[in-house]
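One structure is given below, encoded as C-alpha cells.
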Amino acid sequence: MSRIIADLQASLRDSEAVAMLSGDGAILAVHDLAVLLNRAAFGRHIENAGEEKRQWFQLGPEEMFFLYHTLKCITVQSANKKQMGEAELWDLFTSTSEPFPEMYKAYQHLRLKNWVVKSGLQYGADFVAYRHHPALVHSEFAVIVVPEGEAFGGRCGRLQVWSDLLCALRASGSVAKTLLVLTISTKACDLTSSDCLCQLIVHERTITRWIPQQCRELRDNPSREEASTEKQEDTREGIVFSYWGVILSFTIISVLAYKLKF
Amino acid sequence: MAATAAVTAGNRRRRSRAPAGGAGNDDAEEHHANPFIDTASSTSSRVQFRNVASRARWVEEAGAAEVVESKGKLWLTTGVTRGGKLCYNVEEIGFLVEKSALILLNDKDQTIGIEDIYEKIAGGKYGCSWDTFQAYKHLKSLGYIVGRYGVPWTLKNSSTSDTNQSFNKVDGTCSDITKSLKEMHIDRLTPSFEVYLPNSMFKKSSPGAPNFLLCLLRNKPFARVELEMLENNFGGIPLKYCHVDNNGRVSFLCFDEVALPRLP
Numbered sequence: 001m002s003r004i005i006a007d008l009q010a011s012l013r014d015s016e017a018v019a020m021l022s023g024d025g026a027i028l029a030v031h032d033l034a035v036l037l038n039r040a041a042f043g044r045h046i047e048n049a050g051e052e053k054r055q056w057f058q059l060g061p062e063e064m065f066f067l068y069h070t071l072k073c074i075t076v077q078s079a080n081k082k083q084m085g086e087a088e089l090w091d092l093f094t095s096t097s098e099p100f101p102e103m104y105k106a107y108q109h110l111r112l113k114n115w116v117v118k119s120g121l122q123y124g125a126d127f128v129a130y131r132h133h134p135a136l137v138h139s140e141f142a143v144i145v146v147p148e149g150e151a152f153g154g155r156c157g158r159l160q161v162w163s164d165l166l167c168a169l170r171a172s173g174s175v176a177k178t179l180l181v182l183t184i185s186t187k188a189c190d191l192t193s194s195d196c197l198c199q200l201i202v203h204e205r206t207i208t209r210w211i212p213q214q215c216r217e218l219r220d221n222p223s224r225e226e227a228s229t230e231k232q233e234d235t236r237e238g239i240v241f242s243y244w245g246v247i248l249s250f251t252i253i254s255v256l257a258y259k260l261k262f
Numbered sequence: 001m002a003a004t005a006a007v008t009a010g011n012r013r014r015r016s017r018a019p020a021g022g023a024g025n026d027d028a029e030e031h032h033a034n035p036f037i038d039t040a041s042s043t044s045s046r047v048q049f050r051n052v053a054s055r056a057r058w059v060e061e062a063g064a065a066e067v068v069e070s071k072g073k074l075w076l077t078t079g080v081t082r083g084g085k086l087c088y089n090v091e092e093i094g095f096l097v098e099k100s101a102l103i104l105l106n107d108k109d110q111t112i113g114i115e116d117i118y119e120k121i122a123g124g125k126y127g128c129s130w131d132t133f134q135a136y137k138h139l140k141s142l143g144y145i146v147g148r149y150g151v152p153w154t155l156k157n158s159s160t161s162d163t164n165q166s167f168n169k170v171d172g173t174c175s176d177i178t179k180s181l182k183e184m185h186i187d188r189l190t191p192s193f194e195v196y197l198p199n200s201m202f203k204k205s206s207p208g209a210p211n212f213l214l215c216l217l218r219n220k221p222f223a224r225v226e227l228e229m230l231e232n233n234f235g236g237i238p239l240k241y242c243h244v245d246n247n248g249r250v251s252f253l254c255f256d257e258v259a260l261p262r263l264p
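Set out below in C-alpha cells:
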C-alpha cells in the first residue's frame with residue numbers, strides 16, 4: 001500500500017490536482033488517476049456519464065486534509081475559486097466539526113502506518129481500518145477516537161459510561177470487527193492551528209469480550225470441580241448406553257444370522 | 001465396560017467445549033424462559049444437589065469459616081489453609097452453600113441460613129461485595145480456580161493477626177498490600193482475584209503463577225491512564241476486567257494495549 005500511495009502522491013503532484021470544497025469535504029477531478037485513487041482507497045467515485053476525460057471523486061475532510069497537509073500533493077480551492085491556505089482550511093474544518101483535530105490525528109496515524117482508513121459511521125464507529133484495499137480484505141478494526149486532555153473540553157466524555165462502551169463493543173462485534181480505541185492525548189495545546197498535530201499523542205488499545213466458557217483449557221483428567229450438572233450427565237449417559245445397546249444387539253443379530261445361514 | 005467409560009469421557013469433553021458463538025456473540029444473548037408455561041421439569045436441574053455436605057464454623061474475628069468436617073473434592077481448589085486448618089471466605093461460603101456443598105454453623109453449632117450469609121456478603125465487611133460475589137460464582141461454576149488476590153493458598157502459622165492480614169479485602173480496603181498501593185494513589189486499582197484455568201493437578205502448596213488477574217470495574221470504565229498504571233504494577237500476568245451490571249449480569253472484557261504494525 002505504501003507504494004500505491006507514493007505513486008498516487010507523485011502523480012497528483014505532477015498533475016497539479018486541485019480539489020474543490022463542497023459540503024463538509026471536497027471533490028476532486030482527475031485525469032487518468034482514477035485507478036490509483038481507487039487502489040489507494042481515497043474518496044468515493046462519482047458516476048458521471050457526461051464526462052469522458054475526467055473522473056470525479058468525493059473526498060471526506062480527513063482524506064482531503066491528508067492529501068493536502070501530509071502528502072502535500074493537492075491544492076484546495078473554495079467554491080468561488082479562492083485558493084485555501086492551511087490555516088484557513090484548518091479553521092474551516094474545525095468550525096464545521098469540533099472533533100476534527102482528534103479525528104484527523106487518528107486518521108493520519110493509521111494512514112501513516114499504511115492502513116486503509118474509511119468512514120466507520122455505517123458500523124457505528126468513527127472509522128474502519130483495513131490492512132489493505134477493502135475489496136481484498138475485510139476490515140479488522142472498528143475505530144473509536146477518544147480525546148483526552150483539557151484542550152478538548154467537553155469532548156472527553158466518550159466511552160465513559162458502561163452503556164456507551166458496551167454499545168460500541170456490541171456494534172463492532174456484530175460486524176465481526178475488533179473495537180480499537182485510539183486515545184488522543186495532549187498536554188495543554190492550542191487546537192486552533194494544525195501545528196498542534198505533532199503534539200497529539202495516539203494510544204492504541206483494543207477492547208474485546210472474553211467468554212469464560214470458551215477459554216477453559218481442559219486436560220485429559222476431568223476437572224475436580226463438580227459444578228457441572230450431574231443430572232444432565234445421567235440423561236446423556238442413558239442415551240449413550242442405549243446407543244451402544246443398539247449397536248451391540250445389531251452386531252449380535254447379524255452374527256447369529258450369519259451363523260444360521262451357514 | 002471400558003467402551004462406555006471412554007465414551008462418557010468423550011462426552012464430557014464434548015460437552016465442555018464451547019457452545020459455538022458467532023464473532024461478537026457473547027454470553028449476553030438473551031434466552032428467556034417462558035414463565036407463562038407450566039413446566040413439569042425442575043428448573044433447578046443445573047444446581048448440584050449433594051447428599052453429603054461439608055461443615056464449617058463461622059469465626060467472626062477472622063471474617064471467615066473454619067472447616068470442621070470436609071466432604072467431597074471441592075476443597076482441593078477452594079479455601080485457604082492456615083496452620084493445617086481449611087478456611088473459607090465469604091464468597092466461597094456463599095458459593096458452596098448455594099450448591100448445598102457446605103453447611104455453615106455458628107459457635108453454638110446452629111446452622112446459619114443463606115439469608116444471613118447473603119447479608120454478610122452484601123454488607124461488604126468481610127472483604128467481598130455482592131458484585132464481586134457474582135463474578136466469583138460465575139467463574140467458579142465454570143471450573144476456574146479463583147482465589148483472592150494477594151492471599152496465599154497456604155500458610156503455616158494460624159495466629160489471628162496473620163489471618164487478618166492474609167484475608168485482605170478484595171475491594172481494596174485496608175490491608176498491608178493495599179495500604180502500599182494507596183500510597184501510590186491507585187487504591188481503586190487492585191485486582192480482586194487471581195484465576196487459574198481448570199486444572200486437576202492444581203496444588204495449593206505450589207499453585208504457580210495465575211493465568212490472569214481479575215479486576216472488577218464498577219461505576220465507570222477505567223480511563224487509559226488508570227489502565228496503564230495497573231498494567232505497570234502487575235506486569236507480566238494478563239489482566240482481565242469484569243463488569244457486573246445492575247441486574248447481576250457478569251461480563252468480562254480485555255483492554256489490551258496494542259501497537260498496530262506498520263504495513264508494507
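Chains V and X, in that order, are what the protein sequence lines are.
Mapping to the UniProt record's numbering: the first sequence position 251 is 251, numbers consecutive.
Mapping to the UniProt record's numbering: the second sequence position 125 is 125, numbers consecutive.
Virtual Cβ for every residue (Gly too), placed ideally from N, Cα, C.
Keep in mind it's a predicted model, so treat the numbers as computed, not measured.
DSSP places V/ARG131 in the coil class of the three-state scheme, outside both helix and strand. In this structure, X/LEU74 is the residue among X/LEU105, X/LEU74, X/LYS156 with its C-alpha nearest to the C-alpha of X/LYS140. Spatial neighbours of X/PHE95 in its own chain (CB-CB distance under 6 Å, excluding positions within 5 residues in sequence) are listed in chain order as LYS137, LYS140. Unbroken alpha helix (DSSP H) runs of no fewer than 4 residues, entirely contained in the UniProt domain "tRNA intron endonuclease catalytic" (100-185) of chain V, are found at 100-112, 162-174, following chain order. For X/TYR149, the three-state secondary structure derived from DSSP is coil.
The three-state reading of DSSP puts V/HIS203 in strand, counting E and B together. Using a 10 angstroms sphere on the CB of V/CYS167, the tally of other CB atoms stays under 16, which defines it as exposed. Less than 9 Å separates the beta-carbon of X/VAL244 from that of X/ALA135. Under the DSSP assignment, X/PHE234 falls outside any alpha helix (DSSP H); it carries neither an H nor an E label. Annotation: the continuous beta strand (DSSP E) that includes X/HIS243 extends over 239-244. Chain V places no beta carbon closer than 9 Å to that of X/ARG55, leaving this residue out of the contacts. Against chain V, the CB of X/VAL258 has a partner CB under 9 Å away; the residue lies at that interface. Taking X/VAL90 as the centre and dropping the five residues before and after it, the same chain places the C-beta of LYS120, ILE121, TYR126, CYS128 closer than 6 Å to its C-beta, in chain order.
Between V/ARG205 and the set V/GLU63, V/VAL143, V/HIS31, the nearest pair of CA atoms involves V/VAL143.
X/ILE145 and X/PRO152 have their C-alpha atoms spaced approximately 14 Å apart. Among the residues of chain V, those whose CB is under 7 Å from the CB of X/HIS243 are TRP162, following chain order. Around the beta carbon of X/ASN106, fewer than 16 other beta carbons sit within 10 angstroms, so the residue counts as exposed. Taking a C-beta distance under 9 Å as the contact criterion, X/PRO261 and V/MET1 do not qualify as a contact pair. With contact defined as three or more Cβ pairs closer than 8 Å, the segment 173-185 of chain V and the segment 46-56 of chain V are not in contact.
Note: X/LYS85 is bridge-paired with X/ARG82 in the DSSP secondary-structure output. For X/SER251 and V/TRP162, the gap between their C-alpha atoms comes out near 11 Å. Under a criterion of Cβ atoms nearer than 8 Å, the residues of chain X adjacent to V/LEU165 are, in order, PRO221. Between X/SER70 and the set X/ALA53, X/ILE237, X/LYS240, the nearest pair of CA atoms involves X/ALA53. A distance below 6 Å between beta-carbons, with the five flanking residues on each side excluded, links V/LYS81 to no residue of its chain. Straight through space, the alpha carbons of X/VAL67 and V/VAL117 are spaced by roughly 60 Å.
Counting every other CB atom within 10 Å of its CB across the protein chains shown gives V/GLN108 a total of 16 or more, marking it as buried.
Between the C-alpha atoms of X/LEU76 and X/GLU98 there is a straight-line separation of about 18 Å. Judged by DSSP secondary structure, X/ASP131 falls within the alpha helix (DSSP H) whose first and last residues are 130-141.
Taking the C-beta atoms as reference points, V/PHE141 is found no nearer than 9 Å to V/LEU92.
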